[in-house]
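Using mature numbering (1 follows the signal peptide of the UniProt record, and there is no 0), the letters of the sequence shown map in sequence onto residues -21 to -1, 1 to 189. Structure first, commentary second.
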Amino acid sequence: MSQLCLCACICVSIWLHTSLGLPPQHRGWLRLWEEGEGCGDCNQHLCPPVPDDCPAGRVLDDCGCCEQCANVEGQQCDPDGAQKFYGQCGEGMVCQRKIPKREHRAEPEPTCECQDKGSVCGSDGWTYPNVCQMREAATRQNTTLKLSGRGPCYSAPRILQGPRNLSNYTGNDIVFACEVSAYPLPNLNWRKKGRGNFLPGDDPHISVQV
C-alpha cells in the first residue's frame, strides 16, 4: 500500500511540472507542496534560476529562501498568509480585492495595485500613470529612470501619429486622425492644403473634433 501511495505522489508531482505549465511565481507554492508541511532547510543552490528582467523586481518565496519575480500591477496576488498561490506584489504595490460590480455576483480575485496614485514624470521626459509603471518601464528598457516630478511632464508638442492620405468616393465621409502628445494641452489647428483658411471654419461639411 505504501509503495502505491509513493508512486501516486510521484506521478502527481510530474504531472504538475509538465502539464500545468506553472509560471515562475508559482514555484514557491510547488516547492511547499513537494516538501509537505513546512519549508524545511533552505538550500539556495537548489533554487530555480530567476530572470534578470523582472519588471516589478524580486521577492523571496513563501519559505523566505529562493528569489522569484514579483507580480506586476494588475496581476493576481495573494492578499494574506491564508493563501499562497499567485505570489507577492512588487515594490510599492499592495494586494487588494476590488469591490464587485452589481451585475457580477462572483467576488473578484485580488490584484496588485500601486500605492502611489497619480501620474508622474520620468527622467526620460515621458509621463507614466504611476511610479510603479515607471519602474516597470525602466526594467523592460534595461535603463535607470528617476522621478522628475509629480504629475505629467511639461513637454513641447510631439506628433505621435500624423494624418495619412485617404481615398474615398465623392460624397462619402472621411476621417483624418492626428495624435499629439504635450503638456499643457496645446492648441491644434487643421489646415487644408491649397487653402488659406484654418479649420474648423464655416463649411458645414467639415468638422474637427479634439
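Quick reminder that beta carbons are idealized off the backbone N, C-alpha and C, glycines included.
Checklist entry - How many angstroms separate the CA atom of F64 from the CA atom of T90? => result The count along the sequence shown starts at 1 and reaches residue 64 at position 85. The count along the sequence shown starts at 1 and reaches residue 90 at position 111. F64 and T90: Cα-Cα distance of roughly 13 Å.
Next on the checklist: On the CB-based measure, 16 or more other CB atoms within 10 Å of its CB, does P34 come out buried or exposed?
Outcome noted: Here residue 34 corresponds to residue number 55 of the sequence shown, with the count starting at 1. So P34 counts as buried.
Checklist entry - Closest to E70 by CA distance: which of T122, R114, N22, A161 is it? => result Position 91 of the sequence shown, counted from the first residue, corresponds to residue 70. Checking every option, the nearest Cα to that of E70 belongs to R114.
Item to check | C-beta atoms of C93 and C132 nearer than 8 Å | outcome: Taking the first residue of the sequence shown as 1, we reach residue 93 at position 114. Taking the first residue of the sequence shown as 1, we reach residue 132 at position 153. Contact: no.
Next on the checklist: On the criterion of 16 or more Cβ atoms from any shown chain inside 10 Å, does E52 qualify as buried, or is it exposed?
Outcome noted: Taking the sequence shown and counting its residues from 1, the one referred to as residue 52 is at position 73. Answer is buried; the Cβ neighbour count reaches 16.
Item to check | Proximity to Q140 [Cα-Cα], best of S146, S160, D152 | outcome: One-based indexing of the sequence shown puts residue 140 at position 161. With distances taken between Cα atoms, Q140 lies closest to S160.
Next on the checklist: Just to confirm my understanding: we take L126, look at its own chain, exclude 5 residues before and 5 after, and list those with CB closer than 8 Å. What are they?
Outcome noted: Position 147 of the sequence shown, counted from the first residue, corresponds to residue 126. V99, C100, G101, S102, V110, M113.
Next on the checklist: Could you pull the DSSP bridge partners for I138 from this structure?
Outcome noted: To locate residue 138, count along the sequence shown from 1; it is residue 159. Answer is V159, bridged to I138.
Next on the checklist: Does the distance between the C-beta of R143 and the nearest non-hydrogen atom of the ligand MG fall short of 7 Å?
Outcome noted: The ligand MG is absent from the structure shown, which contains no ligand whatsoever.
Checklist entry - If we call anything under 8 Å between Cβ atoms a contact, is L145 one with I138? => result Indexing the sequence shown from 1 puts residue 145 at position 166. Indexing the sequence shown from 1 puts residue 138 at position 159. No, these two residues do not count as a Cβ contact at 8 Å.
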